[in-house]
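Trainee: Quick note: the first sequence uses my numbering, first residue 1, plus one each step. We put the beta carbon where it would ideally sit given N, CA and C, even for glycine.
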Amino acid sequence: MEGEVMEKVRVRYAPSPTGPLHIGGARSALFNWLFARHHGGAMILRIEDTDLERSSRESETMILESLRWLGIDWDEGVDVGGENGPYRQQQRLHIYEPYVRELLNSGQAYECFCTAEELEEERQELMQQGKMPRYLGKCRSLTGEEKERLRSAGRKPVIRFLVPAGKKLIVDDLVRGRVEFDSDDIGDFIIIKSDGLPTYNFAVVVDDALMGITHVIRGEEHLSNTPRQLLIYEALNFPLPQFAHVSLILGEDRSKMSKRHGATSVLEYRKQGYLPEAMVNFLALLGWSPEGEREIFSPEELIRLFSLERVSKSPAVFDLGKLNWLNAHYIKQLPPARLTELCLPYLLEAGLLKPEALGDKMSWLEQAVAAVQEKMEYVSQAPDLLAVFLEEKTEIESGDKTAQKILELETTPGVIAAFTEKAGKMTEWDSETVRRLLGEIGKELGVKGKALFMAVRVAVSGRSYGPDLNTLLVLLGPAAAARRAQDILEKIS
RNA sequence: GGCCCCUUGGUCGAGAGGUUAAGACACCGCCCUUUCAAGGCGGUAGCGCGGGUUCGAUUCCCGCAGGGGUCACCA
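1. Can you say whether ARG10 is buried or exposed, counting buried as having 16 or more other CB atoms within 10 angstroms of its CB?
2. Name the DSSP bridge partner or partners of LEU553?
3. Which term fits GLN128, buried or exposed, when burial requires 16 or more other beta carbons within 10 angstroms of its beta carbon?
4. Could you give the residue range of the beta strand (DSSP E) that holds LYS168?
5. Who pairs with LEU45 in a beta bridge, going by DSSP?
6. Select from ARG160, ARG134 and ASN281 the residue whose C-alpha is nearest the C-alpha of LEU142.
7. What I want to know is whether the C-beta of PRO355 ends up closer than 6 Å to one or more non-hydrogen atoms of the ligand ATP.
8. Would you mind working out which of GLY287, PRO276 and LEU45 sits nearest ASN84, comparing C-alpha positions?
9. Tell me whether the beta-carbon of SER258 lies closer than 7 Å to the beta-carbon of GLU220.
10. Buried or exposed: which applies to ILE492, given that a residue is buried once 16 or more other Cβ atoms fall within 10 Å of its Cβ?
11. If we count the other Cβ atoms within 10 Å of its Cβ and call it buried at 16 or more, is GLY24 buried or exposed?
12. I'd like to confirm the pairing. Which residues does DSSP put opposite PRO198 in its beta bridges?
13. How about the region 77-95 and the region 29-48: do they share at least three Cβ pairs that are nearer than 8 Å?
14. I'd like the span of the alpha helix (DSSP H) that includes ARG149, first residue to last.
15. Can you tell me which of ARG178, LEU52, ARG435 and SER224 puts its alpha carbon nearest to the alpha carbon of LEU472?
16. Do SER380 and GLY466 have their C-beta atoms closer together than 7 Å?
17. Compute the Euclidean distance between the alpha carbons of GLY3 and TRP33, then round it to the nearest angstrom.
18. Can you tell me whether DSSP reads ALA244 as helix, strand or coil?
19. Between the alpha carbons of ALA209 and ALA368, how many angstroms are there, rounded?
20. How far does the beta strand (DSSP E) with CYS112 in it reach, from first residue to last?
21. When the Cα atoms are used, what is the spatial distance from ALA479 to LEU320?
22. Comparing C-alpha positions only, which one of LEU267, CYS114 and GLU300 sits nearest to ARG151?
23. For HIS94, count the other beta carbons within 10 Å of its own beta carbon; 16 or more makes it buried, fewer makes it exposed. Which is it?
24. Going by C-alpha to C-alpha distance, which of VAL100, PHE189, ARG254 and LYS354 sits closest to LEU136?
25. Does the distance from the CB of LEU235 to the CB of GLN108 come in under 7 Å?
26. Using the beta-carbon count (16 or more within 10 Å), is THR500 buried or exposed?
27. Measuring straight from C-alpha to C-alpha, what distance separates ILE217 and LEU286?
28. Determine the closest residue to GLU65 out of PRO86, TYR87 and ALA26, with distance taken between C-alpha atoms.
29. What are the start and end residues of the beta strand (DSSP E) that includes VAL158?
30. Judging by CA-CA distance, which residue of LYS393, ALA482 and TYR87 is the nearest neighbour of LEU437?
31. Considering only DSSP beta bridges, list what HIS215 is partnered with.
32. Here's a check: name, in chain order, each residue in its chain whose Cβ is nearer than 7 Å to the Cβ of ALA36, leaving out the five neighbours to either side.
33. What residues in its chain sit with their C-beta under 6 Å from that of ASN470, if we drop five residues either side in the sequence?
34. Compute the Euclidean distance between the alpha carbons of GLU295 and GLY439, then round it to the nearest angstrom.
35. Taking its Cβ as the centre, do 16 or more other Cβ atoms sit within 10 Å of THR264, making it buried, or is it exposed?
36. Going by C-alpha to C-alpha distance, which of TRP325, LYS332 and ALA14 sits closest to GLU60?
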């Protein structure tokens with residue numbers, strides 16, 4: 001493969017700005033980007049906004065933001081410009097024109113004046129006959145006179161591509177191999193809509209050809225569109241790019257990923273506190289695998305290793321559990337200061353921190369964050385994880401059976417009382433003194449192990465789980481720890 | 001329904017005629033541990049079915065089944 005790529009690789013990601021960037025789109029973009037970077041080629045970002053109804057600038061902005069967040073950049077395209085612009089199809093209308101004329105003149109395309117009703121009627125008829133609906137070419141041989149009559153009657157025509165009969169169409173796909181289609185299965189399809197805008201199948205070909213795209217890497221849902229595009233490449237005498245159709249990403253029930261499978265947009269994952277490096281790593285492994293047994297890869301490594309040969313043909317289920325594992329891995333690698341920054345917005349939003357009280361608390365907060373870093377899977381868990389440190393009042397966690405049991409031990413009230421009493425008097429308070437304090441209590445009351453440490457843990461946090469007890473106590477400070485313990489003591493007596 | 005793609009454990013997946021069928025997530029167990037995790041070690045679990053081809057098929061071919069995609073004036 002390496003040897004076959006003689007000309008400079010040029011790939012593109014061409015989203016339709018009709019919503020946020022989805023997981024599947026992100027992976028397509030990533031594969032294109034990895035391929036381009038691997039081969040020292042160019043990545044192009046084109047916006048396919050020929051659907052006036054559904055396209056929006058807001059969606060475009062979200063998509064660009066998502067790509068940037070993932071660390072995917074582009075050499076040509078929207079926002080950065082380039083020699084082959086403009087990069088929004090709405091701004092390229094004049095470019096399509098001559099090609100449409102060419103097809104019209106050579107008789108490879110024709111105007112169709114059928115109304116939606118007529119088309120619907122034809123469709124129904126075919127269905128009743130047990131045939132599949134497809135355009136039968138009613139307007140293929142309209143005379144100029146007839147066309148004028150329809151035109152003056154207010155009909156706005158579309159332009160259809162005249163599909164030649166009995167033609168084998170072969171897609172030589174880099175991931176699927178040779179795939180064959182028959183032109184007889186394809187009805188004359190629309191290339192220019194009645195609003196004058198090109199359809200996807202037409203614009204994509206003209207743009208890919210004019211932009212010098214060498215490899216079209218996209219989702220498998222486009223495979224069955226490819227024969228139509230092949231027809232246009234041929235009609236316009238454009239050189240063919242190489243195609244690579246990557247399998248879809250499925251939800252847990254093995255159907256195509258959709259909103260009911262939970263979060264599907266990249267921005268939602270960002271919001272939940274997933275790290276871009278984890279997302280990229282995860283997406284890369286969904287449908288592609290490197291040689292060897294590693295699972296953790298930096299973008300640079302992915303670029304070095306990536307190849308289309310190792311792209312899987314079968315669809316992949318989106319496994320949130322694995323994403324969580326990867327994300328937890330990357331969170332563990334973060335410097336506590338950085339993680340703290342990331343946690344801040346969530347803590348503020350949860351009301352666990354007051355913005356004004358932040359300044360002198362930062363280094364303390366950083367230690368608290370460090371104490372829970374290893375159990376965090378995604379950053380939006382920060383409020384839950386850090387509540388033990390930040391809560392005003394401690395409630396006994398309902399449903400925490402272990403905590404309940406500890407509180408019922410007959411030794412517990414004594415332990416808590418002793419702790420409250422002694423902690424209040426401490427002048428020094430660090431890991432070592434806290435350790436000694438607990439030891440003393442244990443010795444004096446003849447209590448040890450769980451009955452001692454768990455009792456204190458539950459007393460100061462209301463929970464049977466949480467960060468390392470010593471760290472928890474040290475960060476809480478003697479006053480707060482004693483106050484909480486006192487509070488719990490009153491609750492249970 | 002036509003056409004097209006896909007089929008290795010719960011999931012991602014390695015494998016490309018002869019293997020004890022990698023590895024990872026999840027799960028279970030043990031170790032570590034002043035909790036829960038993390039970490040270390042170990043374990044359970046898989047080639048959809050039926051025909052071929054072959055000395056031998058997870059691997060090649062054909063059917064079937066199942067899943068998915070596509071058949072728009074959406075991309």
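Mentor: So, from the data block:
1. buried
2. There is simply no residue 553 to check, as the chain begins at 1 and stops at 493 in what is shown.
3. exposed
4. 168-173
5. TYR13 and GLY77
6. ARG160
7. Among the components modelled here there is no ligand, and therefore nothing to report on the ligand ATP.
8. Ranked by how close their Cα comes to the Cα of ASN84, the residues GLY287, PRO276 and LEU45 have LEU45 in first place.
9. no
10. exposed
11. buried
12. ILE192
13. The region 77-95 makes contact with the region 29-48: 3 or more CB pairs, one atom from each, lie closer than 8 Å.
14. 144-152
15. ARG435
16. Not in contact: SER380 and GLY466 (Cβ atoms no closer than 7 Å).
17. In this prediction, GLY3 has a pLDDT of 45, which is less than 50 and means its spatial position is unreliable; nothing more can be read from the coordinates.
18. It is a strand residue.
19. 56 Å
20. Run containing CYS112: 109-112, per the beta strand (DSSP E) assignment.
21. Taking the straight line joining both Cα atoms gives about 42 Å.
22. CYS114
23. exposed
24. The candidate whose alpha carbon is nearest that of LEU136 is PHE189.
25. First, the residue type needs correcting, since residue 235 is Ala and not Leu in the sequence shown. In this structure, GLN108 lies closer than 7 Å to ALA235 by Cβ.
26. Residue 500 falls outside the range modelled here, since the chain spans only 1 to 493, and no answer is possible.
27. 15 Å
28. Nearest C-alpha to GLU65: ALA26.
29. 158-161
30. ALA482
31. In the DSSP assignment, HIS215 forms a beta bridge with VAL11 and GLN242.
32. VAL9, VAL11, ALA42 and MET43
33. SER431 and VAL434
34. Distance between the alpha carbons of GLU295 and GLY439: 44 Å.
35. Counting Cβ neighbours within 10 Å, THR264 comes out buried, since at least 16 surround it.
36. ALA14
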